[in-house]
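Participant: The opening position of the sequence shown corresponds to residue 385 in the numbering used here, with each subsequent residue numbered one higher. Just so it is clear, CB atoms sit at the ideal spot from N, CA and C, and this is done for glycine as well. Pasting a structure here, questions to come.
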Amino acid sequence: MCCVFERHWHTQTLCRETYYYEYFVPHLVSAVRSADDIDDSQDSQEEYSLSSSQGEKTSQDEKTSQELEIICTYAGIKGNKTKVANSLTAIIQPVAVNGVEDNHIDKMLNAILGGKLDEASSKRLAKLLLPRKRVREDHVVKILGSLSSGRKSVLTFLLRWAILIYDVLESTDKLRKLYGVIFHYLEFQTLRPEICHLLYYLTRREHVKPFRIRKLMDLHHRVGPEPAVIGLLSVYKDYYPNLVMTNIPPSKRLIFKCPDLAWQQSIQEIQAKWNAENFQFVIASHAPLQMGSALKRRKVYHVDVPTLKTLNVAPKSVTIEELSGFKDLARHIDRLELPNQLASVLDNRLLQHLVVCNPEETVIARISHWLGQCIMDVVFWRDQTAENRTIFGELLEKVVRLTEFTKELFPVFETFLNSYIRSWDGIEHQQEIFKLISFVRPTSYEDLYGRFLKPLHRLFYVSPALWKSKLILTCTEWLKNWSLHYWGGHSTRRRQQQGSEASALEDELEGMFAGLSFKIDYFKTMREFIMHVDLTCVMGLELENDDVSVQHATLSFFELVSSMSLEYNIPEIIIPSFVVVHRCFFSISGMAMSRMCGIVAQYKVAFEENERRKDREWASAYSREYVNHFNSFVMDICNCLWRNRGLNRTDKNASACLLSEEVVEQLNKICEERRDNMSYLFSLTHSVAMGSFSRGFMRGLELHSAQKHAGPVTSHSVKENAMVGGVQIGYSDYRVQYLDHLLDKGFSGMHTFLYSSMTSLMSRKK
385 MCCVFERHWH TQTLCRETYY YEYFVPHLVS AVRSADDIDD SQDSQEEYSL SSSQGEKTSQ
445 DEKTSQELEI ICTYAGIKGN KTKVANSLTA IIQPVAVNGV EDNHIDKMLN AILGGKLDEA
505 SSKRLAKLLL PRKRVREDHV VKILGSLSSG RKSVLTFLLR WAILIYDVLE STDKLRKLYG
565 VIFHYLEFQT LRPEICHLLY YLTRREHVKP FRIRKLMDLH HRVGPEPAVI GLLSVYKDYY
625 PNLVMTNIPP SKRLIFKCPD LAWQQSIQEI QAKWNAENFQ FVIASHAPLQ MGSALKRRKV
685 YHVDVPTLKT LNVAPKSVTI EELSGFKDLA RHIDRLELPN QLASVLDNRL LQHLVVCNPE
745 ETVIARISHW LGQCIMDVVF WRDQTAENRT IFGELLEKVV RLTEFTKELF PVFETFLNSY
805 IRSWDGIEHQ QEIFKLISFV RPTSYEDLYG RFLKPLHRLF YVSPALWKSK LILTCTEWLK
865 NWSLHYWGGH STRRRQQQGS EASALEDELE GMFAGLSFKI DYFKTMREFI MHVDLTCVMG
925 LELENDDVSV QHATLSFFEL VSSMSLEYNI PEIIIPSFVV VHRCFFSISG MAMSRMCGIV
985 AQYKVAFEEN ERRKDREWAS AYSREYVNHF NSFVMDICNC LWRNRGLNRT DKNASACLLS
1045 EEVVEQLNKI CEERRDNMSY LFSLTHSVAM GSFSRGFMRG LELHSAQKHA GPVTSHSVKE
1105 NAMVGGVQIG YSDYRVQYLD HLLDKGFSGM HTFLYSSMTS LMSRKK
């Protein structure tokens, strides 16, 4: 008796549900649509008045509207079938080329859903639903409102259109509210594949209810292994694997394919045509979850990064899989549940954001554990075959992308680099290794030298010029990453933690994965690191005969060092060695000469700013000998470039570029034998690097002059040339114009240096 009663109660329930979905729901959808249509009609009137004020619509759009009016008016009326067919034929070509406006879509859906067109005409008209802009979701709501009464073959066609334009819908809020309505139509066999596909896009955790799981499993048992039902059921299983007990075997093929490739391509072409600047059309970008890794076609050799999946989630929590973008991440960040496999952080940018926002020790430990095991497996436990080297390269690429995002290297990978670099040949995975080295955390110089700098220094000796330049550029990035720390705050906290017990503490505010030790003087580390790289640059320039790539790397490094105190508020001004300064300044390359001038000018500004610091505790104190040594660079360069007093020792702070008197005498003797003046030898107009630019500039001034200037420009030669009918210009004016010409050519370093050092030029600038 009890069983009979339960069956009777179940039958009544099914009858009530059938009545609800067959009769009440369509009226509910129509009511929702009607209420929205009132607002939409007001909006349409406003849009129409706005467009009218800007100008009339194109004649083609007007013609399309007229033909659609004819179709809507005369469809189903006896004797007008030919007229309707002609109107339909008339709009096919222009709509296929230019697409349709929103008001056209509304008329077309009214004609199709009105039931007055024959099936063939309805499908032909549906194929012309090619929107130019984003589509209002009310059009999809209108289709859903006709599911219980329209022709199923035509409705299937329209549901496919809804799937194709899902990514260009203005919103999906109303569709999500109608999730239960859409779910009901799974019982309709003709509509089921498209309904499952649409639900696949719409499903979120809040939609997965126990009664829906039961109904879906019951449907699965009744209809068998239909791909569409299995696909939707797999989404439910991803959200609640403990509730979906059905075994769903992984498939190597996509469950939900594009329902109509030609139609999709037509929509994409129209969208791209009308949204050329910001066109993005990604099929299935709104899918709730990435299906298991078994569904993806992978390369033969790959790093098997775990698939992002979150199980056993609290009811009010949100998972990474449910987020559709960074706005969702910001909105739900306090309720986010971490996935079961945190190693998926290597492939998921949203999870990377979450780790950066909340770098808990347990989270970092879990990621580090997986990375450590993966590295040991690929590098140390396996034979070094081509396959494993490919896998290792892919792993390095993923770690580099993660490190570039977090701006800090995971401790486990720093430990790995420490051991790997000792046997590294300097060639394999060079780009990735150099990039990871640049993110190694600051520590004591002794520790840094033993673990990294010494092995790299050995490779430096035996490597070609390009490798040397890459290492120096890596050191530049390395120092720059250190400079990004807030050293002012760290120094303050370090002073506050003075004492034997406190000195063992770490500054947890500096460092995402591990704090900076209060025991280490990091400014001392930076000073010694800069001196080490300085020596490396000198060796590179000497070994490679001033190769331009090594010059560029050297100058890039000291451009950073010269600006550290100003741009990064680091109270350390470490000037380069005289070998670096003089070797680059006397280079045959104008690039090297000009950039070295710019570096010296930047140091000059740094020293002046250091003297003006109000916080004397943060300002650095330098000995008079140290400052005079730098001033000798400034004076010697001014004497060579501008004052035509190269290699003299009589001026204050002048050092003749630290050349001995015997060498200067020998150079002077050679110049006399060649009837040259050594005072001009290294000037802007005579030097090996800049002489040809001076000659070219003079030729430009003489374009309309019959008398041409001969030889390098001097004060005497310019005056003589003007007296015999040449260009009328004084030596001072010539040099100023020539300096501006060099600035236009890109030699900004010389221009900046001279205008900040020479009083005569400063007065001209004012």
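Buried or exposed for C981, please, with buried defined as at least 16 other CB atoms from any protein chain shown within 10 angstroms of its CB.
Facilitator: The residue given as residue 981 occupies position 597 in the sequence shown. Per the 10 Å Cβ criterion, buried.
Participant: Using the three-state DSSP reduction, which class does V984 fall into: helix, strand or coil?
Facilitator: The residue given as residue 984 occupies position 600 in the sequence shown. Helix, per DSSP.
Participant: Using the Cα positions of S418 and D490, report the straight-line distance between them to the nearest angstrom.
Facilitator: Along the sequence shown, one-based indexing puts residue 418 at 34. Along the sequence shown, one-based indexing puts residue 490 at 106. Reliability fails at S418, whose pLDDT of 41 lies under 50, so the model's placement of it is uncertain and the value that follows must be treated cautiously. Their Cα atoms are separated by approximately 13 angstroms.
Participant: Would you call the region 943-961 and the region 1031-1045 touching, i.e. three or more CB-CB distances under 8 angstroms?
Facilitator: The region 943-961 is not in contact with the region 1031-1045.
Participant: Tell me which residue opens and which closes the alpha helix (DSSP H) that Q529 is part of.
Facilitator: Taking the sequence shown and counting its residues from 1, one reaches residue 529 at position 145. The amino acid at residue 529 is misidentified as Gln; the sequence shows Gly. Note, G529: premise wrong, no alpha helix (DSSP H); not H, not E.
Participant: According to DSSP, simplified to helix, strand and coil, what is E610?
Facilitator: As a position in the sequence shown, residue 610 is number 226, starting the count at 1. E610: coil per DSSP, three-state reduction.
Participant: Measuring CB atoms only, is the region 866-876 touching the region 929-942, in the sense that at least three cross pairs come out at less than 8 angstroms?
Facilitator: The answer is no - the region 929-942 does not touch the region 866-876, with fewer than three Cβ pairs under 8 angstroms.
Participant: Helix or strand or just coil, what does DSSP make of D831?
Facilitator: Looking up residue 831 in the sequence shown gives position 447. D831 falls in the helix class under three-state DSSP.
Participant: Please list the terminal residues of the continuous alpha helix (DSSP H) segment that includes D712.
Facilitator: Within the sequence shown, the letter at position 328 stands for residue 712. Run containing D712: F710 to H716, per the alpha helix (DSSP H) assignment.
Participant: Report back the beta-carbon spacing between K447 and Y458 to the nearest angstrom; my notes put them in contact at under 8 angstroms.
Facilitator: Along the sequence shown, one-based indexing puts residue 447 at 63. Along the sequence shown, one-based indexing puts residue 458 at 74. Incorrect: roughly 17 angstroms between the Cβ atoms, too far for contact.
Participant: Assuming the contact rule is C-beta atoms closer than 8 angstroms, S1099 and H1093 should be a hit. Round their C-beta distance to whole Å, please.
Facilitator: Taking the sequence shown and counting its residues from 1, the one referred to as residue 1099 is at position 715. Taking the sequence shown and counting its residues from 1, the one referred to as residue 1093 is at position 709. Going by Cβ atoms, the distance from S1099 to H1093 rounds to 13 angstroms, so no, they are not a contact pair.
Participant: Assign E956 to one of three DSSP states: helix, strand, or coil.
Facilitator: As a working note, residue 956 is residue 572 in the sequence shown. If DSSP states are grouped into helix, strand and coil, E956 belongs with coil.
Participant: Once DSSP output is grouped into helix, strand and coil, what is the label at T691?
Facilitator: Counting from one through the sequence shown, the residue named residue 691 turns up at place 307. Coil, per DSSP.
Participant: For a quick check, are the C-beta atoms of I1191 and L627 less than 7 angstroms apart?
Facilitator: Only positions 385 to 1150 of the chain appear in this structure, which leaves residue 1191 out of reach.
Participant: What residue range is occupied by the uninterrupted alpha helix (DSSP H) comprising V729?
Facilitator: Within the sequence shown, numbered from 1, the residue matching residue 729 stands at position 345. Careful: V729 lies outside any alpha helix (DSSP H) and carries neither H nor E.
Participant: For R715 and S701, which I take to be in contact (beta-carbon distance under 8 angstroms), what is that distance rounded to the nearest angstrom?
Facilitator: As a working note, residue 715 is residue 331 in the sequence shown. As a working note, residue 701 is residue 317 in the sequence shown. With 8 angstroms as the limit, R715 and S701 do not qualify as a contact, their Cβ atoms being about 14 angstroms apart.
Participant: Pull up the distance between the alpha-carbon of E792 and that of V484, whole angstroms please.
Facilitator: Along the sequence shown, read from residue 1 onward, the residue named residue 792 stands at position 408. Along the sequence shown, read from residue 1 onward, the residue named residue 484 stands at position 100. One C-alpha to the other measures close to 50 angstroms.
Participant: Alpha carbon to alpha carbon, how far is P839 from R967? Give it in angstroms, no decimals.
Facilitator: For the purposes of this step, residue 967 is identified with residue 583 of the sequence shown, where counting begins at 1. For the purposes of this step, residue 839 is identified with residue 455 of the sequence shown, where counting begins at 1. Going from the Cα of R967 to the Cα of P839 covers about 27 angstroms.
Participant: Between L617 and the rest of its own chain, which residues show a CB-CB distance below 8 angstroms, the 5 nearest in sequence each way excluded?
Facilitator: The count along the sequence shown starts at 1 and reaches residue 617 at position 233. L600, M601, H604, V628, T630 and I632.
Participant: Below 7 angstroms between beta carbons: does that hold for L1025 and L1065?
Facilitator: Mapped onto the sequence shown, residue 1025 falls at position 641. Mapped onto the sequence shown, residue 1065 falls at position 681. Their beta carbons are not under 7 angstroms apart, which means L1025 does not touch L1065 by this criterion.
Participant: Exposed or buried, what is L726 when buried is set at 16 or more other beta-carbons lying within 10 Å of its beta-carbon?
Facilitator: The residue labelled residue 726 in the question sits at position 342 within the sequence shown. Counting Cβ neighbours within 10 Å, L726 comes out buried, since at least 16 surround it.
Participant: Going by other Cβ atoms of all chains shown within 10 Å of its Cβ, with 16 needed for buried, is V945 buried or exposed?
Facilitator: As a position in the sequence shown, residue 945 is number 561, starting the count at 1. It counts as buried.
Participant: Taking the continuous alpha helix (DSSP H) assigned at C758, which residues delimit it?
Facilitator: On the sequence shown, position 374 is the one that residue 758 refers to. Where C758 is concerned, the enclosing alpha helix (DSSP H) stretches over E745 to I759.
Participant: What does a CB cutoff of less than 7 angstroms around T1032 pick up in its chain, not counting 5 residues either side in sequence?
Facilitator: Position 648 of the sequence shown holds residue 1032. Note that residue 1032 corresponds to Asn in the displayed sequence, not to Thr. So the qualifying residues of the chain are N1023, A1038 and A1040.
Participant: I'd like to confirm the pairing. Which residues does DSSP put opposite S901 in its beta bridges?
Facilitator: Translated into the one-based positions of the sequence shown, residue 901 becomes position 517. Paired residue(s): E890.
Participant: Please classify S505: is it buried, with 16 or more other beta-carbons within 10 angstroms of its beta-carbon, or exposed?
Facilitator: As a working note, residue 505 is residue 121 in the sequence shown. S505 comes out buried.
Participant: Which ranges would you report for the alpha helix (DSSP H) in the region 995-1068 if only whole runs of at least 4 residues count?
Facilitator: Counting whole runs of 4 or more residues, the region 995-1068 contains the alpha helix (DSSP H) stretches 1008-1025 and 1045-1057.
Participant: Is the CB-CB distance between G615 and F640 below 7 angstroms?
Facilitator: Taking the first residue of the sequence shown as 1, we reach residue 615 at position 231. Taking the first residue of the sequence shown as 1, we reach residue 640 at position 256. Result yes, Cβ atoms of G615 and F640 sit closer than 7 angstroms.
Participant: Which runs of the alpha helix (DSSP H) fall wholly inside the region 1082-1145 and span at least 4 residues, in chain order?
Facilitator: Listed in chain order, they are 1099-1107, 1115-1129 and 1132-1141.
Participant: Going by alpha carbons, who is nearest to S471 out of V524, E451 and V763?
Facilitator: As a first step, residue 471 is located in the sequence shown; it is residue number 87 there, counting from the start. Considering only alpha carbons, the answer is E451.
Participant: Buried or exposed: P625, going by 16 or more other Cβ atoms within 10 Å of its Cβ?
Facilitator: Mapped onto the sequence shown, residue 625 falls at position 241. Classification for P625: exposed.
Participant: How about S971 and D931: are their beta carbons less than 7 angstroms apart?
Facilitator: Translated into positions along the sequence shown, residue 971 becomes position 587. Translated into positions along the sequence shown, residue 931 becomes position 547. Cβ distance not < 7 angstroms, so S971 and D931 don't count as in contact.
Participant: So, with DSSP's three-state summary, where would you put T703?
Facilitator: For the purposes of this step, residue 703 is taken as the residue at position 319 of the sequence shown. Note: T703 maps to strand in three-state DSSP.
Participant: Determine, using beta carbons only, whether L707 and L734 come nearer to each other than 7 angstroms.
Facilitator: Against the sequence shown, residue 707 aligns to sequence position 323. Against the sequence shown, residue 734 aligns to sequence position 350. In this structure, L734 lies closer than 7 angstroms to L707 by Cβ.
Participant: Hey, how far is the Cα of L531 from the Cα of T574?
Facilitator: Position 147 of the sequence shown, counted from the first residue, corresponds to residue 531. Position 190 of the sequence shown, counted from the first residue, corresponds to residue 574. Cα-Cα distance, rounded: 11 angstroms.
Participant: If we count the other Cβ atoms within 10 Å of its Cβ and call it buried at 16 or more, is L850 buried or exposed?
Facilitator: Mapped onto the sequence shown, residue 850 falls at position 466. L850 comes out exposed.
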